[in-house]
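Only one structure is covered here, and it is reproduced in the block below.
There are 2 protein chains.
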Amino acid sequence: SKLKSASAKTSFSDRGMTLEQELNQSNAYYLNHDVAVIHKKPTPIQIVNVDYPKRSAAVIKEAYFKQASTTDYNGVYRGNYIDFDAKETQNATSFPLHNFHEHQVEHMRQCIKHGGICFAIIKFVKLDQIFLFKATDLFSYWDNMDATKGRKSIPLADIQKNGILIQYHIQPLIPYLEAVDQLIDLRR
Amino acid sequence: SKLKSASAKTSFSDRGMTLEQELNQSNAYYLNHDVAVIHKKPTPIQIVNVDYPKRSAAVIKEAYFKQASTTDYNGVYRGNYIDFDAKETQNATSFPLHNFHEHQVEHMRQCIKHGGICFAIIKFVKLDQIFLFKATDLFSYWDNMDATKGRKSIPLADIQKNGILIQYHIQPLIPYLEAVDQLIDLRR
Ligand SMILES: [Mg+2]
Ligand SMILES: [Mg+2]
């Protein structure tokens, strides 16, 4: 079983891709196979200075990265609004909550209020384990941190217990919509 | 009645705002009043060169505008996935179809297939008239243009007949979700 998981690791996930790249590839698969339409939002940029040379494309000469006010990914699947963020951690025992920004959590609360399905895809890089973790579960850790100066991370054991483990696959690489199916079916 | 509409024009729409700015302001209203969560996606940028000065923020030194592969706006409203593009035209008798790109139309087709609500918000700037025009109606003009070298625009009269007129309001400035309500109710 150690051998097996090592080989699975080699063939699927160890390609030097970030979680984001793996998810983008999975979303391209889902799009091309008519399963769902989910895209990563472009990185928000504050543009300060643009050059418009004659006869060629405009060149942005000065710009800055802005903090995103929402999550990374959204789209539509089985008639549902889907909204999530992807987070990698090098930590092997817990997921540090500072990986989220207040406005991302706030955005997920608002989406849920209007009937969206929201979650985080969390990858423990050293364990090579990926989980879908529901936004509503995330909120309880987040609020506890704020209210009582409680712990600033979610223990791995809690994520293993309450999250949904997503095994690497070939096509798509990260079949996270199977986990989303469970969330949708829970709502019926 | 001529006087009335002139005064409405002055107080609501003639502020030198683009349609996009007007919609962003309307979406901010909808968000702050817990009506819907709909955001404009950031402009997609191809970053070529970034400077990382010590002790200050990264500066993008060379970047280019990329063509968007989806529409401008998406989000969630009344449990529905909402997806649309905003288009202004200076034309006073028809809406030129070259305002859309093939991949935007394709994106709307895919979203509809998965249960999303898709449309265009079209503003005839010279008439100061704004319409919601359903993506499914747009497709028939688009496909006709491709297939038969047919006309390359949608006559204003058709948009007035099949679209939903949206009157400027104060809060929100463009109450387009009232028109979306009609689309949602049609689906029931
Ligand atoms: Mg992320
Ligand atoms: Mg537009």
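Chains as they are written, first to last, in full-length UniProt numbering: chain A, 19 to 206; chain B, 19 to 206. Glycine included, every Cβ here is placed at the ideal spot set by N, Cα and C. If you're wondering where the values come from, they're calculated on a predicted model, not measured in any experiment.
Next on the checklist: Would you say A:Ile130 lies against chain B (beta-carbon separation less than 7 angstroms)?
Outcome noted: The count along the first sequence starts at 1 and reaches residue 130 of chain A at position 112. Output row for A:Ile130: interface = no.
Next on the checklist: Please give the ranges of any alpha helix (DSSP H) in the segment 76-161 of chain A, keeping only runs that are unbroken, at least 4 residues long and fully inside the region.
Outcome noted: 120-131
Next on the checklist: Quick check: does the Cβ of B:Ile203 come within less than 6 angstroms of any heavy atom belonging to ligand 1?
Outcome noted: If you number the second sequence from 1, residue 203 of chain B lands on position 185. For the sequence presented, residue 203 of chain B should be read as Asp rather than Ile. No, Cβ of B:Asp203 sits at least 6 angstroms from all heavy atoms of ligand 1.
Item to check | the segment 52-64 of chain A / the segment 60-67 of chain B touching (three or more Cβ pairs under 8 angstroms) | outcome: yes
Checklist entry - How long is the line joining the alpha carbons of B:Gln85 and A:Thr111, rounded to whole angstroms? => result Start at 1 with the first residue of the second sequence, and residue 85 of chain B comes out as number 67. Start at 1 with the first residue of the first sequence, and residue 111 of chain A comes out as number 93. So the two alpha carbons sit approximately 42 angstroms from each other.
Checklist entry - Using a Cβ-Cβ cut-off of 8 angstroms (strictly less than) and excluding sequence neighbours within five positions of B:Glu38, which residues of its own chain qualify? => result Here residue 38 of chain B corresponds to residue number 20 of the second sequence, with the count starting at 1. The answer, listed in chain order, is Lys58, Asp90, Ala104.
Checklist entry - In whole angstroms, what is the alpha-carbon distance linking B:His116 and A:Ser74? => result As a working note, residue 116 of chain B is residue 98 in the second sequence. As a working note, residue 74 of chain A is residue 56 in the first sequence. Their Cα atoms are separated by approximately 21 angstroms.
Checklist entry - DSSP beta-bridge partners for A:His57? => result In the first sequence, the residue the question calls residue 57 of chain A occupies position 39. In DSSP, A:His57 forms a bridge with A:Asn92.
Next on the checklist: Taking 6 angstroms as the cut-off, is the beta-carbon of B:Asp103 closer than that to any non-hydrogen atom of ligand 2?
Outcome noted: Position 85 of the second sequence holds residue 103 of chain B. True, at least one ligand heavy atom lies under 6 angstroms from that Cβ.
Checklist entry - In this structure, does DSSP put A:Glu38 in helix, strand or coil? => result If you number the first sequence from 1, residue 38 of chain A lands on position 20. Residue state, collapsed to three classes: helix.
Checklist entry - Leaving out the 5 sequence neighbours to the left and right, which residues in its chain are closer than 8 angstroms to B:His125 when beta-carbon positions are compared? => result As a working note, residue 125 of chain B is residue 107 in the second sequence. Excluding residues within five positions, the ones whose Cβ falls inside 8 angstroms are Ser87, Thr88, Thr89, Asp101.
Item to check | Distance between B:Tyr186 and B:Ala46 (C-alpha atoms, nearest Å) | outcome: Counting from 1 along the second sequence, the entry for residue 46 of chain B is found at position 28. Counting from 1 along the second sequence, the entry for residue 186 of chain B is found at position 168. So the alpha carbons of these two residues sit roughly 16 angstroms apart.
Next on the checklist: So, does the segment 140-156 of chain A touch the segment 126-133 of chain B, judging by three or more C-beta pairs under 8 angstroms?
Outcome noted: By the criterion of at least three beta-carbon pairs nearer than 8 angstroms, the segment 140-156 of chain A is not in contact with the segment 126-133 of chain B.
Checklist entry - So, are the CB atoms of B:Asp155 and B:Asn180 less than 7 angstroms apart? => result Along the second sequence, one-based indexing puts residue 155 of chain B at 137. Along the second sequence, one-based indexing puts residue 180 of chain B at 162. Cβ distance < 7 angstroms, so B:Asp155 and B:Asn180 count as in contact.
Next on the checklist: Using only CA atoms, which one of B:Asn109, B:Arg206, B:Gln189, B:Ile192 lies nearest to residue 209 of chain B?
Outcome noted: Residue 209 of chain B lies beyond the range of chain B shown here (19 to 206); nothing can be said about it.
Item to check | Within 7 angstroms of chain B by C-beta, residues of the segment 57-68 of chain A in sequence order | outcome: Flagged, chain order: His57, Lys59, Pro60, Thr61, Pro62, Ile63.
Item to check | Contacts that B:Phe157 makes with chain A (C-beta to C-beta distance below 9 angstroms) | outcome: In the second sequence, counting from the first residue as 1, residue 157 of chain B sits at position 139. At a beta-carbon threshold of 9 angstroms, none of the residues of chain A lie near B:Phe157; the nearest stands roughly 16 angstroms away.
Checklist entry - Which residues, in chain order, does the segment 73-99 of chain A contribute to contact with chain B at a C-beta distance below 9 angstroms? => result Result list: Ala75, Ala76, Val77, Ile78, Lys79, Glu80, Ala81, Tyr82, Phe83, Lys84, Ala86, Ser87, Thr88, Asn92, Gly93, Val94, Tyr95, Arg96, Gly97, Asn98, Tyr99.
Next on the checklist: Taking its Cβ as the centre, do 16 or more other Cβ atoms sit within 10 Å of B:Gln128, making it buried, or is it exposed?
Outcome noted: Along the second sequence, read from residue 1 onward, the residue named residue 128 of chain B stands at position 110. Classification for B:Gln128: buried.
Next on the checklist: Are there any heavy atoms of ligand 2 lying less than 6 angstroms away from the beta-carbon of B:Asp90, as far as the coordinates show?
Outcome noted: Stepping through the second sequence from its first residue, residue 90 of chain B is reached at position 72. Result yes, Cβ under 6 angstroms from ligand 2.
Checklist entry - On the premise that B:Tyr194 lies in contact with B:Leu150, defined as a C-beta separation below 8 angstroms, what is that separation, rounded to the nearest angstrom? => result Along the second sequence, one-based indexing puts residue 150 of chain B at 132. Along the second sequence, one-based indexing puts residue 194 of chain B at 176. Yes, they are in contact, since the Cβ atoms of B:Leu150 and B:Tyr194 sit about 6 angstroms apart, within 8 angstroms.
Checklist entry - List, in order along the chain, the chain A residues whose C-beta lies closer than 9 angstroms to that of B:Val55? => result Within the second sequence, residue 55 of chain B is the residue found at index 37, counting from 1. The answer, in chain order, is Thr88, Tyr99, Asp101, His125, Gln128, Cys129, Lys131, His132, Gly134.
Item to check | Cross-chain neighbours of A:Leu201 in chain B, by beta carbon under 8 angstroms | outcome: Mapped onto the first sequence, residue 201 of chain A falls at position 183. Near A:Leu201 there are no residues of chain B at all, since even the closest Cβ is about 14 angstroms away, more than 8 angstroms.
Checklist entry - Among the residues of its own chain, which have a CB less than 6 angstroms from the CB of A:His121, if the five just before and after it don't count? => result Within the first sequence, residue 121 of chain A is the residue found at index 103, counting from 1. Contacts found: Ser87.
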